[in-house]
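J.: Residue numbers (the working numbering): 1 to 912.
Every residue, glycine too, gets a C-beta built ideally from N, C-alpha and C.
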Amino acid sequence: MLKKTLSIIVLLLSSFFLKAQVSTTPSIPTANDAITITFDATGTELANYSGTVYAHTGVTLNGSKWQKVKGTWGNNTTQPALTRISTNSYQLIITPNVTTYYGITTETVNEIDIVFRSADGTKQSSPDYFIPIFAAGLNVIVTSHQNNDAITQNATQTISADASLASTIKIYVDNVLQTTANSATTASINYTFSTTGSHLIKATATLNAETVSNEVSVFVKSTTQIASIPSGMKNGINKNNDGSITIVLTAPNKTDALVIGDFNNWLLNEAYQMKKDAATNQFWLTIFGLDPNTEYAYQYLVDYNLTIADPFGHKILDPSNDSFIPLSTFPNLKAYPTGLTTGIVSTFKLTEPTFTWEASYTAPNKNNLIIYELLLRDFDVVGTNDIGDFSKAKTHLDYLQNLGVNAVELMPVSEFEGNDSWGYNPSFHGALDKAYGTATNFKTFINECHKRGIAVIMDVVYNHTMGSSPLAQLWWDGANNRPSATNPYLNPIAKHDFNVGNDMNHESAYTKTYVKETLQYWLQEFHVDGFRFDLSKGFTQTNTLGNSAMMANFDFSRITTLKDYATFLWSINPNTYVILEHFAENLEEKELANFGTMLWGNMNNNYAQNTMGFSSSTDVSWLSYQNRGWNNPHVVGYMESHDEERLMYKNLNFGSSSGAYNIKTLATALKREELVANFFFTIPGPKMIWQFGELGYDISINQNGRLGRKPIHWDYLNDANRKNVYDVWRTLTAFKQQQPVFNTSNFTLNVSTLNKNIVLRDASMDVVLLGNFNLTTQNIVPNFTKTGTWYEYYTGNTLNVTNVMTALSLQAGEYRMYSSVQLNSPLAIEKVGSALNEALKIYPNPVNTIFSLNQASQLIKIYDLSGRLVKQFKGNFSKNEPFDISYLAPSVYLLQIETTDAKVYAKKLVKF
1 MLKKTLSIIV LLLSSFFLKA QVSTTPSIPT ANDAITITFD ATGTELANYS
51 GTVYAHTGVT LNGSKWQKVK GTWGNNTTQP ALTRISTNSY QLIITPNVTT
101 YYGITTETVN EIDIVFRSAD GTKQSSPDYF IPIFAAGLNV IVTSHQNNDA
151 ITQNATQTIS ADASLASTIK IYVDNVLQTT ANSATTASIN YTFSTTGSHL
201 IKATATLNAE TVSNEVSVFV KSTTQIASIP SGMKNGINKN NDGSITIVLT
251 APNKTDALVI GDFNNWLLNE AYQMKKDAAT NQFWLTIFGL DPNTEYAYQY
301 LVDYNLTIAD PFGHKILDPS NDSFIPLSTF PNLKAYPTGL TTGIVSTFKL
351 TEPTFTWEAS YTAPNKNNLI IYELLLRDFD VVGTNDIGDF SKAKTHLDYL
401 QNLGVNAVEL MPVSEFEGND SWGYNPSFHG ALDKAYGTAT NFKTFINECH
451 KRGIAVIMDV VYNHTMGSSP LAQLWWDGAN NRPSATNPYL NPIAKHDFNV
501 GNDMNHESAY TKTYVKETLQ YWLQEFHVDG FRFDLSKGFT QTNTLGNSAM
551 MANFDFSRIT TLKDYATFLW SINPNTYVIL EHFAENLEEK ELANFGTMLW
601 GNMNNNYAQN TMGFSSSTDV SWLSYQNRGW NNPHVVGYME SHDEERLMYK
651 NLNFGSSSGA YNIKTLATAL KREELVANFF FTIPGPKMIW QFGELGYDIS
701 INQNGRLGRK PIHWDYLNDA NRKNVYDVWR TLTAFKQQQP VFNTSNFTLN
751 VSTLNKNIVL RDASMDVVLL GNFNLTTQNI VPNFTKTGTW YEYYTGNTLN
801 VTNVMTALSL QAGEYRMYSS VQLNSPLAIE KVGSALNEAL KIYPNPVNTI
851 FSLNQASQLI KIYDLSGRLV KQFKGNFSKN EPFDISYLAP SVYLLQIETT
901 DAKVYAKKLV KF
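(1) Rounded to whole angstroms, what is the Cα-Cα separation between Ile885 and Leu853?
(2) In three-state terms, what does DSSP make of Glu645?
(3) Using the three-state DSSP reduction, which class does Trp266 fall into: helix, strand or coil?
(4) Among the residues of its own chain, which have a CB less than 7 Å from the CB of Phe912, if the five just before and after it don't count?
(5) Does the Cβ-Cβ distance between Ser764 and Val741 come in under 8 Å?
(6) Go to Phe735, then tell me how far its alpha helix (DSSP H) extends in each direction, as first and last residue.
(7) Would DSSP call Trp284 helix, strand or coil?
(8) Starting from Val98, follow the alpha helix (DSSP H) in both directions and report where the run begins and ends.
(9) Are the segment 308-322 and the segment 420-432 touching, with three or more C-beta to C-beta distances below 8 Å?
(10) Tell me Lys861's beta-bridge partners as DSSP assigns them.
(11) Quick check: Pro686 and Ile371, are their CB atoms within less than 8 Å of each other?
(12) Quick check: what's the CA-CA separation for Gly74 versus Met274?
(13) What do you reckon, are the CB atoms on Ser548 and Asp497 nearer than 8 Å?
(14) Just how far apart, CA to CA, sit Leu950 and Gln737?
(15) By DSSP, does His464 sit in helix, in strand, or in coil?
(16) Does the beta-carbon of Ala485 have 16 or more other beta-carbons within 10 angstroms, so that it is buried, or is it exposed?
(17) Below 6 Å CB to CB, which residues in the same chain sit around Lys254 once its five sequence neighbours on both sides are set aside?
(18) In its own chain, which residues sit with a C-beta less than 8 Å from the C-beta of Gly104, not counting the 5 before and 5 after it?
(19) Skipping 5 residues on each side, what residues in its chain have a beta carbon closer than 8 Å to that of Lys831?
(20) Tell me the DSSP bridge mates of Phe130?
(21) In its own chain, which residues sit with a C-beta less than 6 Å from the C-beta of Glu507, not counting the 5 before and 5 after it?
(22) Buried or exposed, going by whether 16 or more other CB atoms sit within 10 Å of the CB of Glu270?
(23) For Gly708 and Pro412, I'd like the C-alpha separation in whole angstroms.
(24) DSSP beta-bridge partners for Asp477?
(25) For the alpha helix (DSSP H) that Trp714 lies in, which residues bound it at each end?
(26) Measuring straight from C-alpha to C-alpha, what distance separates Ser125 and Ala55?
(27) Tell me where the beta strand (DSSP E) around Glu215 begins and ends.
(28) If you run the structure through DSSP and keep just helix, strand and coil, what is His396?
(29) Take Leu950 as the anchor and find which of Ser414, Leu258, Gly478, Ser621 has the nearest alpha-carbon.
(30) Using 8 Å as the Cβ pair cut-off and three pairs as the minimum, do the segment 237-252 and the segment 181-196 touch?
(31) Give me the residue from Asn88, Glu111, Thr106, Ser86 with the minimum Cα distance to Ile94.
(32) Three or more C-beta pairs closer than 8 Å, one from the segment 348-365 and one from the segment 374-393: is that the case here?
(33) Pair every Cβ in the segment 634-646 with every Cβ in the segment 759-774, then say whether three or more of these pairs are closer than 8 Å.
(34) Measure the C-alpha to C-alpha separation of Val801 and Leu397 and round it to an integer number of angstroms.
(35) So who's on the other strand from Thr25, going by DSSP bridges?
(36) On the DSSP letters alone, give me the boundaries of the beta strand (DSSP E) that Gln178 sits inside.
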């Protein structure tokens, strides 16, 4: 007798996606059938929606999902509209058949893929639905139940099954025959489940010599055992010494929880019903018999009506987004358990690869940080549709080190919704977003930073979480589409006007635990050096809705919360950087700064006014911690951030002019970036640069939408004027890190007008900076600290000062740096074009294949203009020895050359 299994497999792959929300007529559709799809919007974002519902739909062909999609998302003229049957019931008719409707030719159709959306596309069903399409011939399905249906003990159930052809249908429960229907297309029976636990319903259909079958596993609810949780357990996965795990879910106001996953074939089982600690509101379960080398996927089923991923999980699988992650970014990603469950799942593995960390690393002093704010997505890519990741960013660390950066601040890399984002739409705060690479990739990036003395700071988003977070899903008010009043983590209504997503309640003990445990994971597992807390001003239960100004008022509760988080982090690593995007009144910021945290200091508008040459709002003294009355230099000052318009864009589009001096011209605008750096980096305290600001990046923040991808311009390094900006900036960052005078507490700022003067005093030397941000020549009083000889760094000139108040004439845009002791170049490599560099010659230059040096050498490093090391020659090379670079692409390269007498040179080489 032939036993057919294909239909069983297809149904198992799709049964979870149907549940009660989507049904079809006929119940066993084939590609040649007209199909009526009925959608029940109850419990979805479309519940009680009054407008027209549309279908975004395609098919799975030969196993490849979302082929032959009808129209484009949001286009109501090309995507089919559903017919409303009742308030939450809709129908879509596929006619005359599946093949014709979707324009299928020779391919085999496996499923109809469908998402239902509102007319404006802002509301949709989730997750995607995949409706199985059966092969022609004999098929059978259990129509009354699906895998993991939860049943009340001793309740009578109607069990039914359908066959595609008239045949002999049999229904079994736990392999015991219950009924037979001959020459039928349907069969049913009433049955009472008297025992708790798992039960198997099976239907068979026989016609001639062919028998097909379908089975589902249902679960009769059992009482949750009350038991104290073992000591020392944290939320999520706890790995025990005996090879078992103890899994913990904190869920107040919930009655039952079960674990489903790879270890139990995703079927409900009494052995995987979690115990409950009534005192702590924690469900827990210890699982034995796991393979230490297997990665397991799992979920929780809570109260038999909601399946969620682990809110404390460290890795997730997302069926809606993972397929778009390139293999080069995340190779060997575990396959999603398609057909066995729906929604996001978490994963764990008992044995993870050992990682060797840089042992000699010491984090930079927080008072002297040069932070580079970096959006991985837009930092480096390979192809048009590619996004940046940890591995690509790692290749530019030499560039950042040469710039003088000693800390990288990564815009959010914990799991956010989708793959292409700034990252401020978080879903799992303790999981790494796979769009940027693997955990090993992240560790390698951090380790390579540490090898270069560069700290890594994570931008974290604890003001809110999005709807895909289990913290939202577990306690959700579907009628009002917001967190429920019983949600222990989230506020039903946000407490302030700046909120997006679902506002977190930081006065809740549950939220505090969530924040601390997820932060601890990043500190200990990845050795990150600190955190920048996005919208930390939102960590309050003070209701300021409708009064944004009031939100900035002194808030004792908010201060207490932030101090608590900082204290916790310092208990793990006393040197952890705690940086707040706060923007509250100075009294509150002073309290937090004096406690040891650092706070963002946004001076974008004022610095832009200066670079554009406007005379209003030019005072930049608020960058000084002393002007704020703080005890320590804890203002993280910045001219640009991810959230601000770029200075160069403003220069080129809105800059002032006077006669021939026009800030809107590129060369002049770039010189203004050199000028402004001298009055930014030299104000004592930590500083932050937004990526590519050092090259005069001039693309608007609003190009391609504020949050959209921006062009990546490593080619800017080919522009001599932009390279000069880079060189001035890296000179200043080097001075800041090498010369104590640039971190002095004894300084004077005369920076309120377009004529600026900074005076720095230290036992080692004094420094005086002058800058003319006006459009015409200006006389500026230097306020020298003493008479005598002063040395101007940029020109190499000396000045004999007889009157410290005698004004000096500076041309429009001119800047000077005078020191009482001559400053040599702070750069490890001598400046290109210096007298020392002229002693070493490269010939020929430009070169096509082979170049030589006029001196003996022992090390030659060749960098491309992005700072990537592309070739290295190491050995004992004689004078005039040939070096073959025929395989390098035509471009300009930077060479670092160490001669046999241990001198180091920097040279440019043109390859054609």
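T.: To lay it out plainly:
(1) Against the sequence shown, residue 885 aligns to sequence position 885. Against the sequence shown, residue 853 aligns to sequence position 853. The straight-line gap from Cα to Cα measures roughly 14 Å.
(2) In the sequence shown, residue 645 corresponds to position 645, counting from 1. It is coil, neither helix nor strand.
(3) Here residue 266 refers to the residue found at position 266 of the sequence shown. Trp266: coil per DSSP, three-state reduction.
(4) Position 912 of the sequence shown, counted from the first residue, corresponds to residue 912. Excluding positions up to five away in sequence, the list reads Pro846, Asn848, Pro890.
(5) In the sequence shown, counting from the first residue as 1, residue 764 sits at position 764. In the sequence shown, counting from the first residue as 1, residue 741 sits at position 741. Yes; because the gap between Cβ atoms is below 8 Å, this pair is in contact.
(6) Looking up residue 735 in the sequence shown gives position 735. Element bounds for Phe735: 720-738.
(7) Locating residue 284 in the sequence shown gives position 284, where the first residue counts as 1. Secondary structure at Trp284: strand, using DSSP grouped into helix, strand and coil.
(8) For the purposes of this step, residue 98 is taken as residue 98 along the sequence shown, with counting starting at 1. From DSSP, the alpha helix (DSSP H) with Val98 extends over 98-102.
(9) yes
(10) As a working note, residue 861 is residue 861 in the sequence shown. Paired residue(s): Gln872, Gln896.
(11) As a working note, residue 686 is residue 686 in the sequence shown. As a working note, residue 371 is residue 371 in the sequence shown. In this structure, Pro686 places its C-beta atom within 8 Å of the C-beta atom of Ile371.
(12) Counting from 1 along the sequence shown, the entry for residue 74 is found at position 74. Counting from 1 along the sequence shown, the entry for residue 274 is found at position 274. Answer to the nearest angstrom: the Cα atoms are 43 Å apart.
(13) Within the sequence shown, the letter at position 548 stands for residue 548. Within the sequence shown, the letter at position 497 stands for residue 497. The Cβ-Cβ distance between Ser548 and Asp497 falls below 8 Å.
(14) The chain is shown from 1 up to 912; residue 950 falls before or after that span and cannot be answered.
(15) In the sequence shown, residue 464 corresponds to position 464, counting from 1. His464 falls in the strand class under three-state DSSP.
(16) Locating residue 485 in the sequence shown gives position 485, where the first residue counts as 1. It is exposed - the Cβ of Ala485 has fewer than 16 other Cβ atoms within 10 Å.
(17) Your numbering for residue 254 matches position 254 in the sequence shown. Around Lys254: Val302, Asp303.
(18) By 1-based counting over the sequence shown, the position of residue 104 is 104. Per the sequence shown, the amino acid found at residue 104 is Ile instead of Gly. These residues qualify, in order along the chain: Ala31, Val59, Leu61, Lys68, Val98.
(19) Position 831 of the sequence shown holds residue 831. The pLDDT assigned to Lys831 is 41, lower than 50, so where the model puts this residue is not dependable; a value taken from the coordinates is nonetheless given after this. Closer than 8 Å at Cβ, skipping near neighbours: Asp727, Ser825, Asn837, Ala906.
(20) As a first step, residue 130 is located in the sequence shown; it is residue number 130 there, counting from the start. Paired residue(s): Asp113.
(21) Here residue 507 corresponds to residue number 507 of the sequence shown, with the count starting at 1. Gln541, listed in sequence order.
(22) Counting from one through the sequence shown, the residue named residue 270 turns up at place 270. Exposed is the call here.
(23) As a first step, residue 708 is located in the sequence shown; it is residue number 708 there, counting from the start. As a first step, residue 412 is located in the sequence shown; it is residue number 412 there, counting from the start. When rounded, the distance between both Cα atoms is 15 Å.
(24) Locating residue 477 in the sequence shown gives position 477, where the first residue counts as 1. BP columns for Asp477 point to Arg482.
(25) Along the sequence shown, read from residue 1 onward, the residue named residue 714 stands at position 714. Neither: Trp714 is in no alpha helix (DSSP H) and is coded neither H nor E.
(26) Within the sequence shown, numbered from 1, the residue matching residue 125 stands at position 125. Within the sequence shown, numbered from 1, the residue matching residue 55 stands at position 55. Ser125 and Ala55: Cα-Cα distance of roughly 10 Å.
(27) Within the sequence shown, the letter at position 215 stands for residue 215. 210-220 is the span of the beta strand (DSSP E), which, as asked, contains Glu215.
(28) Counting from 1 along the sequence shown, the entry for residue 396 is found at position 396. If DSSP states are grouped into helix, strand and coil, His396 belongs with coil.
(29) A question about residue 950 goes unanswered here, because the residues of the chain that appear run from 1 up to 912.
(30) no
(31) Here the question's residue 94 lines up with position 94 in the sequence shown. Cα-wise, what sits closest to Ile94 is Glu111.
(32) The segment 348-365, when compared against the segment 374-393, does not touch it at the 8 Å Cβ threshold.
(33) no
(34) Taking the sequence shown and counting its residues from 1, one reaches residue 801 at position 801. Taking the sequence shown and counting its residues from 1, one reaches residue 397 at position 397. Rounded to whole angstroms, Val801 to Leu397 spans 43 Å at the Cα level.
(35) As a working mapping, residue 25 is identified with position 25 in the sequence shown. Looking at the DSSP output, Thr25 bridges to Thr36.
(36) Stepping through the sequence shown from its first residue, residue 178 is reached at position 178. 176-192 is the span of the beta strand (DSSP E), which, as asked, contains Gln178.
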